[in-house]
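Here the structure comes first, spelled out in structure tokens, and everything after it is commentary.
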Amino acid sequence: MRYGPHVSFREKHGIPDLGVGVGYRPKHQEDVLVGGSPDVRWYEVVSENYMVPGGRHLASLERLQAQWPVIPHGVCLSIGATEELDADYLARLKGLLRRMNPPYFTDHLCFTRAAGRDLHDLLPLPYTKEAVAHVVERVRRVQGELERPFALENVSSYLTYNDSTMTEWEFLAEVAERADCGLLFDVNNVYVSARNHGFDGRTYVDAIPAERVVQIHLAGHLDKGTYLLDTHSDHVCDPVWELYERAIRRTGPVSTLVEWDEAIPAYAVLAAEAARAATHRAAALKVAP
Amino acid sequence: MSRLAELQRLFGASIVRESPLAESDEARELAAGSHAMSPLGQLEVYREQFWIRHVGCLVEDFPTLHALLGVEGFEALVAAYLRAHPPTKFRLRDLGEDLPRFVARTSPWAEDGLLTDVALVEWAFVDAFDAADAPPLDPASLGGVAEDAWPAARLTLHPSLQRLALRHPANDLRVAFRTGQGLERPAAVDTFLVIYRRDLLLYAEALDALAFALLDRLAKGETLGEASEGVALASGRSAEVEAKIGDWFARWTSLSWISRVEL
Numbered sequence: 001m002r003y004g005p006h007v008s009f010r011e012k013h014g015i016p017d018l019g020v021g022v023g024y025r026p027k028h029q030e031d032v033l034v035g036g037s038p039d040v041r042w043y044e045v046v047s048e049n050y051m052v053p054g055g056r057h058l059a060s061l062e063r064l065q066a067q068w069p070v071i072p073h074g075v076c077l078s079i080g081a082t083e084e085l086d087a088d089y090l091a092r093l094k095g096l097l098r099r100m101n102p103p104y105f106t107d108h109l110c111f112t113r114a115a116g117r118d119l120h121d122l123l124p125l126p127y128t129k130e131a132v133a134h135v136v137e138r139v140r141r142v143q144g145e146l147e148r149p150f151a152l153e154n155v156s157s158y159l160t161y162n163d164s165t166m167t168e169w170e171f172l173a174e175v176a177e178r179a180d181c182g183l184l185f186d187v188n189n190v191y192v193s194a195r196n197h198g199f200d201g202r203t204y205v206d207a208i209p210a211e212r213v214v215q216i217h218l219a220g221h222l223d224k225g226t227y228l229l230d231t232h233s234d235h236v237c238d239p240v241w242e243l244y245e246r247a248i249r250r251t252g253p254v255s256t257l258v259e260w261d262e263a264i265p266a267y268a269v270l271a272a273e274a275a276r277a278a279t280h281r282a283a284a285l286k287v288a289p
Numbered sequence: 290m291s292r293l294a295e296l297q298r299l300f301g302a303s304i305v306r307e308s309p310l311a312e313s314d315e316a317r318e319l320a321a322g323s324h325a326m327s328p329l330g331q332l333e334v335y336r337e338q339f340w341i342r343h344v345g346c347l348v349e350d351f352p353t354l355h356a357l358l359g360v361e362g363f364e365a366l367v368a369a370y371l372r373a374h375p376p377t378k379f380r381l382r383d384l385g386e387d388l389p390r391f392v393a394r395t396s397p398w399a400e401d402g403l404l405t406d407v408a409l410v411e412w413a414f415v416d417a418f419d420a421a422d423a424p425p426l427d428p429a430s431l432g433g434v435a436e437d438a439w440p441a442a443r444l445t446l447h448p449s450l451q452r453l454a455l456r457h458p459a460n461d462l463r464v465a466f467r468t469g470q471g472l473e474r475p476a477a478v479d480t481f482l483v484i485y486r487r488d489l490l491l492y493a494e495a496l497d498a499l500a501f502a503l504l505d506r507l508a509k510g511e512t513l514g515e516a517s518e519g520v521a522l523a524s525g526r527s528a529e530v531e532a533k534i535g536d537w538f539a540r541w542t543s544l545s546w547i548s549r550v551e552l
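First to last, the protein sequences are chains A and B. Reminder that position 8 of the first sequence reads as 8 in this note's numbering, one-by-one numbering, no gaps. Going from the second sequence to this note's numbering is simple: count from 1 and add 289.
Structure representation (structure tokens):
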């Protein structure tokens, strides 16, 4: 289903623009739960950390949700794997979604399992018609089973397949259109992959179905010399801010998230990065931050 | 097998290899390479990350074991462990669940009982951290229970409670390491330990052998009468069991170890 400029995936499903948020990490628990920062309007949690029977994480999620909008973001759905979807995983995710009741949930366009092993990495798919058909069928099943809108995130990659017959952005767009799902558009991942594979990130940004984007991710990365590694371990770099402005001009106001997962700084540093994102967002949208 | 499945199988098989990849038909079949990287180099990024991620996860869950073995020794253990127990669960949190058993049964690590004890203690803390919640027992709810009803009582222990019978004071070593007091190898001594969560915090409590034996039987579903009689018979110290059982019960209740009493 194609959405015109006046009926976006967000509007159809009542998905709100939450402004700028950050990834919630245990290190910042006390800062966040005793007031947070006016520069951080919402939080994202890693779903799997809360798909547990009890304990501190679940208790802090309850306190977090009492104060802020919270969106779950998964890393283990393995939507692109050819192995069966993990029924235990889906049941636990369903339980978490019931507990949280978010407007949507997200995971990555990748596979994390192969040959009976969990590889615990976001492995890219070949950009082929076979992979499109496979993922589309699974996204439909997941959206149906979990009974709420689902958005796929583009992953950063270090490998290009001989088998690919289309570009990554063509692949992403076709999956989203045919599965009728949302997109979590990670512009840092676009930048990392563009540098690693030698394409222009602006072409990617200009090609995605912007009306399907429910959220944008920002993060830092590490320059390893011959490639960029998506580490979420640093400030967002200038070329990524440029891609962000280009992307949000296309999508209109959508929730934006700053991720920082390694060498995690003090909460104030992360909040300052969120404030910077708000400034870029306002500049792109020509509104006050 | 579909082409997609074959590509994923090739990808997965390449990145779990323990040593750097060599030129191979598989790598050339899978990866195209780029302006900056060869097909092999592209796959190698993922292989390196696989090991960094999995070793790092186990270092985080078993920091004292890591310190005892050193970086290279621990990496050798992880490689052998993942060969025997390839990761099959979606959460990295579960990666180490078989490591204590693996250390206990596998040479050369099995020859040093301290390593097994440390692994058991560190994993017990992981398990206690996110075990199910349960409300503590309200002692007032037992006020009216007739004395002769107690022998038939069955106790439900808090889901976070982990019971460990060890040959070394492994938690003392763990605490010393975590608090920067070094890693001095302790002498072997039978140690009975309970690791548990209360008010979202984790604790360890050492028990004497009799109390531990009673708690162990209760955890396995014996009634209070069966458990105390069993411990008394096995130890030959029935008078001591009888004298102390009230204090033990009171202590365990105060620590929120007991969440329910069925009468």
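The beta carbon of each residue, even a glycine, is placed where N, CA and C say it ideally should be. Everything numeric in this text was worked out from a predicted model, so none of it was measured.
Asked                                                                                                                                      : Found
Backbone CA spacing between residue 328 (chain B) and residue 321 (chain B) [nearest angstrom]                                             : 5 angstroms
Burial state of residue 36 (chain A) (16 or more Cβ within 10 Å)                                                                           : buried
Minimum length 4: unbroken alpha helix (DSSP H) runs contained in the segment 398 to 438 of chain B                                        : 402 to 418
Whether residue 351 (chain B) touches residue 411 (chain B) by CB criterion (8 angstroms)                                                  : yes
Same chain, Cβ closer than 6 angstroms to residue 261 (chain A), five either side skipped, listed in chain order                           : 232
Interface flag, residue 451 (chain B) vs chain A, CB-CB below 8 angstroms                                                                  : no
Proximity test, Cβ basis, 8 angstroms: residue 246 (chain A) and chain B                                                                   : no
Under 9 angstroms (Cβ pairs) to chain A, residues found in the segment 420 to 452 of chain B                                               : 420, 421, 422, 423, 448 and 449
Residue burial classification, residue 490 (chain B) (beta-carbon count within 10 angstroms, cutoff 16)                                    : exposed
Contacting residues, own chain, Cβ-Cβ under 7 angstroms from residue 50 (chain A) (five flanking each side not counted)                    : 57, 58, 61 and 96
Distance, residue 33 (chain A) Cα to residue 639 (chain B) Cα                                                                              : This structure gives no information on residue 639 (chain B), because the portion of chain B shown stretches from 290 to 552.
Host beta strand (DSSP E) of residue 194 (chain A) (start-end)                                                                             : Not the beta strand (DSSP E): residue 194 (chain A) falls in the alpha helix (DSSP H), residues 187 to 197.
Supposed close pair residue 302 (chain B), residue 310 (chain B) - CB separation, criterion 8 angstroms                                    : Incorrect: roughly 11 angstroms between the Cβ atoms, too far for contact.
contact_flag[the segment 157 to 166 of chain A, the segment 181 to 188 of chain A] where n(CB pairs < 8 angstroms) is 3 or more            : no
Whole-number beta carbon distance between residue 45 (chain A) and residue 24 (chain A), since they are thought to touch under 8 angstroms : 5 angstroms
Helix, strand or coil at residue 353 (chain B) according to DSSP, with G and I counted as helix                                            : helix
7 angstroms Cβ shell around residue 336 (chain B) - same chain, five flanking residues per side excluded                                   : 303, 304, 306 and 310
Exposure label - residue 78 (chain A); buried when at least 16 CB within 10 Å                                                              : buried
One or two residues paired with residue 72 (chain A) in a DSSP bridge                                                                      : A:45
Three-state class that DSSP yields for residue 380 (chain B) in the structure shown                                                        : coil
Three-pair Cβ contact test at 8 angstroms for the segment 242 to 258 of chain A versus the segment 199 to 208 of chain A                   : yes
Interfacial residues, the segment 139 to 154 of chain A to chain B, with Cβ spacing under 9 angstroms                                      : none
Where the beta strand (DSSP E) through residue 445 (chain B) begins and ends                                                               : 443 to 446
Continuous alpha helix (DSSP H) stretch holding residue 524 (chain B): start and end                                                       : 513 to 524
Whole runs of the alpha helix (DSSP H) within the segment 203 to 253 of chain A, excluding any shorter than 4 residues                     : 238 to 251
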